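See below for the structure under consideration.
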Amino acid sequence: MNKWIWGVLLVGFPLFFTSPAVAADAMKPGLWEITTSVEMPGMPFQAPPQTMRHCYTAQEVKEQPVPKDEQCKVTDLKSSGSKVTWKVECKGEMAGKGEGEIIYQGDSAYEGKTRMQTQGMTMAMKYKAKRLGECK
344 MNKWIWGVLL
354 VGFPLFFTSP
364 AVAADAMKPG
374 LWEITTSVEM
384 PGMPFQAPPQ
394 TMRHCYTAQE
404 VKEQPVPKDE
414 QCKVTDLKSS
424 GSKVTWKVEC
434 KGEMAGKGEG
444 EIIYQGDSAY
454 EGKTRMQTQG
464 MTMAMKYKAK
474 RLGECK
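For what it's worth, the numbering used here labels the leading residue of the sequence shown as 344, then goes sequentially.
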């Protein structure tokens, strides 16, 4: 299950699914703080929100790498204005389907959500991010 959760977190991480043209205009390089909350109905406890910081370089924002997981494939990637949506299908041990969206709020903040269904369970993830300033 931990491997599955980690895979979903990667799938849900919004930076991986924005197209280069959208991200280059939507995200400003620098130090970002991303807070993620996960809900899994039927679990005996809910994990508390997790916050991480990452310094996005201009190159990272421009290139927007897609995760190198051969088991999961991003499909139906669309962008309209400040909103980016996608679908994902995973095979093998993490077989399942999901979808997500991200909405940029200027070049220094975004919010998004991802929903995955696999092994008879549904997991919903929400995330918020804000730019804190320049990288140190």
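Note that CB positions come from ideal geometry on N, CA and C, so glycine has one too.
As the structure is a prediction and not an experimental result, all values here were calculated from the model.
Reduced DSSP secondary structure (H/G/I, E/B, other) of residue i
i      : result
Gln390 : Sequence inspection shows Ala at residue 390; the Gln mentioned does not correspond to that position. Three-state DSSP puts Ala390 in coil, outside helix and strand.
Gly449 : coil
Ala491 : In the structure as shown, the chain begins at 344 and stops at 479. Residue 491 is therefore absent and cannot be evaluated.
Glu454 : strand
Glu376 : strand
Glu444 : strand
Beta-carbon gap between residue i and residue j smaller than 8 Å
i      : j      : result
Tyr453 : Thr378 : no
Met459 : Gly435 : no
Gly455 : Gly443 : yes
Burial state of residue i, where buried means 16 or more other Cβ atoms lie within 10 Å
i      : result
Pro394 : The residue asked about is misnamed: residue 394 is Thr in this sequence, not Pro. Thr394 comes out exposed.
Val472 : Contrary to the premise, residue 472 reads as Ala rather than Val in this sequence. Ala472 is buried by the Cβ-count criterion.
Residue i, enclosing beta strand (DSSP E) - first and last residue
i      : result
Gly463 : Element bounds for Gly463: n/a, residue is neither H nor E.
Lys479 : Run containing Lys479: none; DSSP gives neither H nor E here.
Ser423 : 415 to 423
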